[in-house]
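In my numbering, the protein residues as written are 726 to 1180.
Think of the CB as a built atom: it goes at the ideal place given N, C-alpha and C, for glycine as much as any other residue.
As the structure is a computational prediction, the values presented were derived from the model and not from experiment.
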Ligand SMILES: [Zn+2]
């Protein structure tokens, strides 16, 4: 069966390459001309366009006559050109540099993409028909695929770019506010750190998940750990800035962060379990190679959704109470409430997209490259996080004096301590699930050798 799949994989590459080139050309002949067998043709096309562009711009340099690899010659340094030479020479140099860049890009051989029937089951996505990368891509191919339209490209970029936005926010807070002397800012730092970690882990997971089946599972174990860490980051800030006035210093408030750490660690374990079952006990050839979700897809998906929904619902109890239940005094009604509503609406939209796989379920194959649920899930999740951050900042600013007077002081254990504990335990869980996966081939070989010796 596997031979059949692989032979089909290589038989059909031509068609896939055609498809790939057809999709990528409009993306931009200019930006990322690709595909092995189309590399030269596309490079020539792009050279032509470059020449046309130069022709329109005019004037300073003639088009390279021989296409690839040829260097343009600048006009001779002559007294006739002395007037305005500096600017025209500068433009010519820029055009030459751009031309070289295009030539270099056109020589890069980007990997081919495949259809759903050409990749192993562990790599197949519900209702996504085409745009799959090679299931044994090299690290270089994975990185190159960032510049190629595959069904993962937007999954990567929709989390990679926001990572830098949140990192910029984090650095702004560290540099502008006196964070080392002002413990009141520590919860915000933990939250912003978690906002950098989870999109970064996600974009790395989506980038390198096609290196092998094992790599795919391990990449997403780290992705789940990062989402759990983000849930703890939210809880730490909610405890410090968002808790309604009449709950501050109550029993729920006292144990809120501790329970959130516990929930985050359990969430990591549950999400990792949802892929392959229990490490060392459930792992076997079928689960590792085929992914148990092919046997019980709904159960695996349900466990994973629950593993992220439960910590989210717990962390947001103070907010739900403050916005939806509380009335009268002590409910903390301020300008942050509108932003909290936006964040909650986007969080539910994110969960809806994750659970329903819409819109691709309605038209399989139509949204393979742009607009499928996982991309929308990333986008709505990130916008939700952005509103959440804004709401937290407003609460933090407006409630500062009241909280410093009435709430227990922010402690290292409830902020960086909780974050370190959560990260350590989550990483240990990920290590346990990953080690079992990495040891599996060795154990299987030993078992096979023993059986052979006995026979
Ligand atoms: Zn993702």
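| query | result |
| --- | --- |
| Provide the residue span of the alpha helix (DSSP H) that contains residue 1127, from first to last. | 1125–1131 |
| Candidates 822, 1072, 935, 992: which alpha carbon is nearest residue 876's? | 935 |
| Which of helix, strand or coil does DSSP assign to residue 837? | coil |
| Leaving out five residues before and five after residue 728 in sequence, what residues of the same chain have Cβ atoms less than 8 Å from its Cβ? | The pLDDT assigned to residue 728 is 41, lower than 50, so where the model puts this residue is not dependable, and the model offers no usable value. |
| Where does residue 858 sit, in a helix, a strand or coil, going by DSSP? | strand |
| Can you tell me which residues fall inside 6 Å of ligand 1, judged by beta-carbon distance to its nearest heavy atom, and keep chain order? | 880, 927, 931, 1099, 1103 |
| Would you tell me roughly how many angstroms separate the C-alpha atoms of residue 1048 and residue 858, rounded to the nearest one? | 45 Å |
| Determine, using beta carbons only, whether residue 958 and residue 987 come nearer to each other than 9 Å. | no |
| Below 8 Å on the Cβ atoms is my guess for residue 1028 versus residue 999; work out the distance and round it to an integer in Å. | 4 Å |
| Taking 8 Å as the cut-off, does the stretch 876–893 touch the stretch 1101–1121 (at least 3 CB pairs, one atom from each stretch)? | yes |
| If we count Cβ pairs, one from each stretch, closer than 8 Å, do we get three or more for the stretch 1130–1147 versus the stretch 1073–1089? | no |
| Under the three-state reduction of DSSP, which class applies to residue 1134: helix, strand or coil? | coil |
| When DSSP labels each residue in this structure, what does residue 847 get in the three-state scheme? | helix |
| Could you name the residues of the same chain whose beta carbon sits closer than 7 Å to that of residue 1121, not counting the 5 residues immediately before and after it, in chain order? | 913, 966 |
| Does the distance between the C-beta of residue 906 and the nearest non-hydrogen atom of ligand 3 fall short of 8 Å? | No copy of ligand 3 appears in this structure; the ligands present are ligand 1. |
| Looking at residue 995 and residue 956, is the spacing between their C-beta atoms short of 9 Å? | no |
| Would you mind sorting residue 1037 into buried or exposed? The rule is 16 or more other CB atoms within 10 Å of its CB. | buried |
| What's the C-alpha gap between residue 1211 and residue 1144? | Past the boundaries of the shown model lies residue 1211; the chain is included only from 726 to 1180, so the question cannot be answered. |
| What is the C-beta distance between residue 872 and residue 835, in whole angstroms, given that I count them as a contact (C-beta under 8 Å)? | 7 Å |
| Go through the stretch 918–972 residue by residue and report every complete run of the alpha helix (DSSP H) that reaches 4 residues or more, in order. | 938–962 |
| Is it the case that the stretch 964–983 contacts the stretch 934–950, given that we only count it when at least three CB pairs across the two stretches are under 8 Å? | no |
| What three-state label does DSSP hand residue 1052 in the structure shown? | coil |
| Starting from the Cα of residue 1239, find the closest Cα among 985, 1004, 1054 and give me that residue. | The requested residue 1239 is not part of the displayed model; the chain covers only 726 to 1180. |
| With distances taken between CB atoms, is the gap from residue 1115 to residue 1064 smaller than 9 Å? | yes |
| Tell me the residue span of the alpha helix (DSSP H) that contains residue 1060. | It is not in any alpha helix (DSSP H) - residue 1060 carries neither H nor E in the DSSP assignment. |
| Grouping DSSP H, G and I as helix and E and B as strand, with all else coil, what is residue 893? | helix |
| Relative to the C-alpha of residue 920, which residue among 904, 964, 895 is closest? | 895 |
| Just to confirm, is the Cβ distance from residue 990 to residue 960 under 9 Å? | no |
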